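Quick notes on the structure that follows.
Protein chains: 2
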Amino acid sequence: MTVTETAAGRLVRIGEVARAAGVSTRAVRYYEQQGLLISERSPSGQRLYRQDAVTLVRFFQQMFAAGLTSRRIAELLPCWDSGHTDADQRAMLRAERDRIQAKVDDLQAALDRLDEVIAITDTHP
Amino acid sequence: MTVTETAAGRLVRIGEVARAAGVSTRAVRYYEQQGLLISERSPSGQRLYRQDAVTLVRFFQQMFAAGLTSRRIAELLPCWDSGHTDADQRAMLRAERDRIQAKVDDLQAALDRLDEVIAITDTHP
DNA sequence: CTTGCCTTTGACGTTAACGTCAGGTTTTAG
DNA sequence: CTAAAACCTGACGTTAACGTCAAAGGCAAG
Numbered sequence: 005m006t007v008t009e010t011a012a013g014r015l016v017r018i019g020e021v022a023r024a025a026g027v028s029t030r031a032v033r034y035y036e037q038q039g040l041l042i043s044e045r046s047p048s049g050q051r052l053y054r055q056d057a058v059t060l061v062r063f064f065q066q067m068f069a070a071g072l073t074s075r076r077i078a079e080l081l082p083c084w085d086s087g088h089t090d091a092d093q094r095a096m097l098r099a100e101r102d103r104i105q106a107k108v109d110d111l112q113a114a115l116d117r118l119d120e121v122i123a124i125t126d127t128h129p
Numbered sequence: 005m006t007v008t009e010t011a012a013g014r015l016v017r018i019g020e021v022a023r024a025a026g027v028s029t030r031a032v033r034y035y036e037q038q039g040l041l042i043s044e045r046s047p048s049g050q051r052l053y054r055q056d057a058v059t060l061v062r063f064f065q066q067m068f069a070a071g072l073t074s075r076r077i078a079e080l081l082p083c084w085d086s087g088h089t090d091a092d093q094r095a096m097l098r099a100e101r102d103r104i105q106a107k108v109d110d111l112q113a114a115l116d117r118l119d120e121v122i123a124i125t126d127t128h129p
């Protein structure tokens, strides 16, 4: 309990963030390099993250799974941080939303194709 | 109309296949190299495909979009060609089906997150 | 003090489905 | 016949999100 532990929360090292979020430390360093995470540094140079970094990393994983690049996520981060958005950001949000929706439709179509084949091959031993 | 043009259908060159399926000729050669397509060769060495190759290529595109690798598609091709499947193939079919379904769920979750943000930023100019 | 785990920077490796260029042959349109 | 368009093989380039290894420091426990 040092003087620096105020309402801002406890600071955690990279390993704890990685374990809590279910990713590698390499991934966390990569996110920081891409401008997705910010860290303070201990006197010896070790990264210290705020504990909400764990939530952020989980969110990044979800966006990556949806096909967003780290660049795009970085461009849209202000929408979460500040709640403020300009016209460009709103357009990007809708574009990504539409792209994901199209992808869902594609996947659903592929799923239907596979289910057809499964049904046929199951009744056709 | 040569003697070889029987009920098997007309043979088309790679460019026609590519255009009809909406891909590059490079992609078609790649598919053949991966064992997804078969071609006869003209006396001068040009690839000649059966016209149903177009349907196949479109199908490959759909499977690629669903995250299947060319290797996996090649392993499952007999399920379409012959209708016959062994236990391994049926297991693979279900595994891919489940993986795609999980991916759809992930995408839907990401979509909901984005829609939340869009709703907030739209009412919060 | 030393053992062992955690962290650092730096840099090369991976993967899949092609893109792209080079240099040469073939087919087609006129 | 000739020029353009299409085709061939071969081979290197691309991309994103990390994996992996190297060499070296840092930190609590016993």
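Quick mapping for you: the protein sequence lines, in order, are chains A and B.
Under the working numbering, the first sequence is numbered contiguously, ending at residue 129.
Under the working numbering, the second sequence is numbered contiguously, ending at residue 129.
Idealized CB from N, CA, C, for every residue including glycine.
Computed from a predicted structure; not experimentally measured.
For leucine 80 of chain A, the enclosing alpha helix (DSSP H) begins and ends at 74-85. The beta carbon of alanine 78 of chain A sits no closer than 8 Å to any beta carbon of chain B. About 13 Å separates the beta carbons of leucine 81 of chain A and glutamate 100 of chain A, which is beyond the 8 Å limit, so they are not a contact pair. Two segments are said to touch when three or more pairs of C-beta atoms, one from each, lie closer than 8 Å; by this definition the segment 97-117 of chain A touches the segment 111-125 of chain B.
With respect to the 8 Å criterion, leucine 40 of chain B and valine 121 of chain A are not classified as neighbours on the basis of their beta carbons.
Neighbours of aspartate 116 of chain B in chain A, taken as residues at a C-beta separation under 9 Å, are lacking, since the least C-beta distance is about 10 Å.
Assignment of valine 16 of chain A by DSSP, reduced to helix, strand and coil, places it in the strand class. Tyrosine 34 of chain A and cysteine 83 of chain A have their C-alpha atoms roughly 21 Å apart. Approximately 5 Å separates the beta-carbon atoms of alanine 22 of chain B and valine 32 of chain B; this is inside 8 Å, confirming the contact. Here threonine 127 of chain A is exposed, its C-beta having fewer than 16 other C-beta atoms within 10 Å. Taking the CA atoms as reference points, threonine 125 of chain B sits about 15 Å from glutamate 79 of chain A. Annotation: the continuous beta strand (DSSP E) that includes leucine 52 of chain B extends over 51-54. In this chain, the alpha helix (DSSP H) harbouring alanine 57 of chain A covers 57-69.
Given a length threshold of 4 residues, each whole run of the alpha helix (DSSP H) inside the segment 17-49 of chain B is given here in chain order: 18-25 and 29-37. Only those residues of the segment 82-105 of chain A whose C-beta falls short of 9 Å from the nearest C-beta of chain B are listed: Cys83, Trp84, Gly87, His88, Thr89, Gln93, Arg94, Leu97, Arg98, Glu100, Arg101, Ile104 and Gln105. Using a 10 angstroms sphere on the CB of arginine 45 of chain A, the tally of other CB atoms stays under 16, which defines it as exposed. Taking 8 Å as the threshold, the shortest C-beta distance from glutamine 66 of chain A to chain B falls below it. Among the residues of the segment 21-49 of chain A, none has a Cβ less than 9 Å away from any Cβ of chain B. Pairing glutamine 55 of chain A with arginine 17 of chain A gives a Cβ-Cβ distance that is not under 8 Å. In the three-state DSSP reduction, aspartate 90 of chain A falls in the coil class, being neither helix nor strand. The residues Val21, Ala24 and Ala25, in chain order, have a CB closer than 6 Å to that of valine 58 of chain A in the same chain once the five nearest residues on each side in sequence are set aside. Its chain contains Val16, Val21 and Ser43 as the residues whose beta carbon lies nearer than 6 Å to that of tyrosine 53 of chain B, once the 5 sequence neighbours on both sides are disregarded; these appear in chain order. For threonine 125 of chain A, the chain B residues whose C-beta falls within less than 9 Å of its own C-beta are Cys83, Gly87, His88, Thr89, Gln93, Arg94 and Leu97, listed in chain order. Contact between aspartate 119 of chain A and alanine 69 of chain B does not hold, since their C-beta atoms are separated by about 16 Å, which reaches or exceeds 8 Å.
For arginine 75 of chain A, the number of other beta carbons within 10 angstroms of its own is below 16, and it is reported as exposed.
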